[in-house]
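Heads up: the structure comes next, in structure tokens.
In the working numbering, the protein residues as written are 1222 to 1331.
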């Protein structure tokens, strides 16, 4: 008896997605040692022109909401590769992930 094409496809997809979930759950921590305030550096060109000492108004209250603040960190090469693959799959009509858009929470959990 010959297995049907859809059964082979289903088995292949299950194997593929289980390998993705294993690879994604093994993301290495990028913080490998405790933070040391004496080793901090300033990244040039990454602050608003008005964020200068001459405009400093002192310590802000702890309850002050930080609206419109954006912190962008570089992804690890593995994370970038996984994101690129996901985006490619979402645009590939033959992929089961075609147009399967994710919420920010779903993307974060991947």
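We treat Cβ as the ideally placed atom computed from N, Cα and C, and that holds for glycine.
Just so it is clear, the structure is predicted and the values come from calculations on it, not from any experiment.
{"Asked": "Keeping to the same chain, check which residues put their C-beta closer than 7 Å to that of residue 1321; ignore five residues upstream and five downstream.", "Found": "1311"}
{"Asked": "At the level of alpha carbons, what is the spacing between residue 1318 and residue 1307?", "Found": "8 Å"}
{"Asked": "Output needed for residue 1313: all residues of its chain with C-beta closer than 7 Å, excluding positions within five of it in sequence on either side, in chain order.", "Found": "1319"}
{"Asked": "Using only the alpha-carbon positions, how far apart do residue 1266 and residue 1309 sit?", "Found": "32 Å"}
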